[in-house]
Amino acid sequence: MKIRKVVIPVAGWGTRSLPASKNIPKEMLPIYNKPVVQYVVEEAIRSGIKDVVFITNRDKSAIEDHFDYNHQLEAVLDRANKTELLGAVHAVAEMANIISIRQKKQLGLGHAVLMAKEVVRYDDAFGIMVGDDLIFGEDAGLVQLMKMTAETGLPSIGIMEVPDDKVNRYGIVAGEETSPGVYKVTDMVEKPEIGKAPKGSNLAIVGRYVLTPEIFDYLENATPGHGGEIQLTDALFSLAKDKGMLAVKMKGHRFDAGDWAEYLSANIYFALKDKAIRDGLHSRLTELLKKY
Ligand code: G1P
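For the sequence shown, my numbering begins at -16 and goes up steadily by one.
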């Protein structure tokens, strides 16, 4: 089974990131020195996928531009002998093949994924990565699902445990654990109220999916669910009941970039890893932490 493309929905309003995202896409907010979306695309590249399908809208062209050449800027950096920066800027334009599809109405994540139908319908399977979720670690993230689906032929989704008081922020999955960290999905609910998650589960969908094109039949017939939106989770649950689906615990670190505490932690995490600023940042943080 060959998995060649990943769909990254980026057309949402990003209300959780306002007012910062009023005039720039939330996916372009920086985490240390790179925009959020670049980390997501880099994860796709690490998984061996170069074809990236953005589901986008009229206000999000900055995302496509980021993955294109900026000849003028490159010329300026070249003349100034800023070789390292030039390399970094150039590399982003080379990293992926970008296919953009407009979602003309923001009707929900399920509807956004349906927009990719014509581009991926003839593929064996394809990935989906929700741009708010950042996952890091060796062999962590999408690649785990690619292996699982290639092995079993079944669609697979990424999950992680979340505290019980956060189940209302995610799609929650219940299932039978068939091998360590792998569950056969038996129930799924999009953002259940606290205390009402299926079977008391706290296994949350973390925005990584490897699906077969069968999902489009279910999305086409989906009716509005949670929040009046066409929910991917609802279509997935119908598919799971008919054909089976696996939920796989993701390894590695995860940051939810749509949550300010997590977003800021991700910034600090990456900045502390860079020797160039680590010491300075460390002492400033220590000072601040003494005060607050
Ligand atoms: C979406 C999905 C949800 C999933 C989440 C992961 O929600 O609908 O099931 O748990 O991504 O980030 P959103 O964050 O778009 O509200």
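For each residue, glycine too, the CB sits at the ideal point set by N, CA and C. Everything numeric in this text was worked out from a predicted model, so none of it was measured.
**OP:** Whole angstroms is fine: what's the gap from D106's alpha carbon to L60's?
**Re:** Per the coordinates, the alpha-carbon of D106 lies some 40 angstroms from the alpha-carbon of L60.
**OP:** Measure the CB-CB distance between V231 and L128 and report whether it falls below 7 angstroms.
**Re:** Yes, Cβ-Cβ distance for V231 and L128 is below 7 angstroms.
**OP:** Would you mind listing the beta strand (DSSP E) stretches within the segment 16 to 78 that are 3+ residues and don't spill past its ends, in chain order?
**Re:** 34 to 39, all fully within the segment 16 to 78.
Subject >> Sheet register partners of I280 (DSSP bridge) >> reply: Outside the shown range of the chain, which is -16 to 275, sits residue 280, and nothing can be said about it.
Subject >> Proximity to V113 [Cα-Cα], best of D225, I(-9) and E245 >> reply: Nearest in C-alpha terms to V113, of all of D225, I(-9) and E245, is I(-9).
**OP:** Compute the distance between the beta-carbons of G136 and R191, then report whether it is under 7 angstroms.
**Re:** Cβ atoms of G136 and R191: not closer than 7 angstroms.
Original post:
So, helix, strand or coil for L117, using DSSP?
Top reply: For L117, the three-state secondary structure derived from DSSP is strand.
Original post:
Which whole-angstrom value is the C-beta distance of A(-6) and A95, which I expect to be below 8 angstroms?
Top reply: Right, the Cβ-Cβ distance comes to about 6 angstroms (below 8 angstroms), so this counts as a contact.
Subject >> K33 and A79 closer than 7 angstroms at C-beta >> reply: Yes.
Subject >> Inter-residue Cα distance where the pair is T161 and D170 >> reply: Each residue's Cα considered, the two are about 15 angstroms apart.
Original post:
Measuring from the CB of V145, is there a heavy atom of the ligand COA at a distance below 6 angstroms?
Top reply: This structure lacks the ligand COA; its bound ligands are the ligand G1P.
Subject >> Endpoints, the alpha helix (DSSP H) within which D217 is located >> reply: That run of the alpha helix (DSSP H) goes L215 to K226.
Original post:
Can you find at least 3 beta carbon pairs, one from the segment 9 to 16 and one from the segment 52 to 59, that sit closer than 8 angstroms?
Top reply: As far as the Cβ criterion goes, the segment 9 to 16 does not touch the segment 52 to 59, which means the pair count is below three.
Original post:
So what does DSSP say about A108, is it helix, strand or coil?
Top reply: Collapsing the DSSP output to three states places A108 in a strand.
Subject >> Helix, strand or coil at E176 [DSSP, three-state] >> reply: In this structure, E176 counts as coil in the three-state DSSP scheme.
Subject >> G154 beta carbon less than 7 angstroms from that of V189 >> reply: Against a cut-off of 7 angstroms, the Cβ pair of G154 and V189 comes out as no contact.
Subject >> Sequence-distant residues of the same chain with beta carbon closer than 7 angstroms to D122, five excluded per side >> reply: Here the set comprises K234.
Subject >> Bridge partner(s) assigned by DSSP for L194 >> reply: DSSP, once it has assigned bridges, lists F109 as partnering L194.
**OP:** Please list, in chain order, all residues of the same chain as L90 whose beta carbon is under 7 angstroms from its beta carbon, the five residues on each side excluded.
**Re:** Excluding sequence neighbours, L90 sits near E212 and I213.
Original post:
So does V188 have its beta carbon nearer than 6 angstroms to some heavy atom of the ligand G1P?
Top reply: Just to set this straight, residue 188 is Ile in the shown sequence, not Val. Yes; taking the cut-off as 6 angstroms, the Cβ of I188 has a heavy atom of the ligand G1P nearer than that.
**OP:** Return the bridge partner residues of Y166 from the DSSP annotation.
**Re:** Answer by DSSP bridge pairing, in chain order: E160 and A230.
**OP:** Would you kindly work out how many angstroms separate the C-alpha atoms of V165 and S83, rounded to a whole number?
**Re:** The alpha-carbon atoms of V165 and S83 are separated by roughly 33 angstroms.
**OP:** Run the proximity test for D200: is its beta-carbon closer than 6 angstroms to any non-hydrogen atom belonging to the ligand G1P?
**Re:** No.
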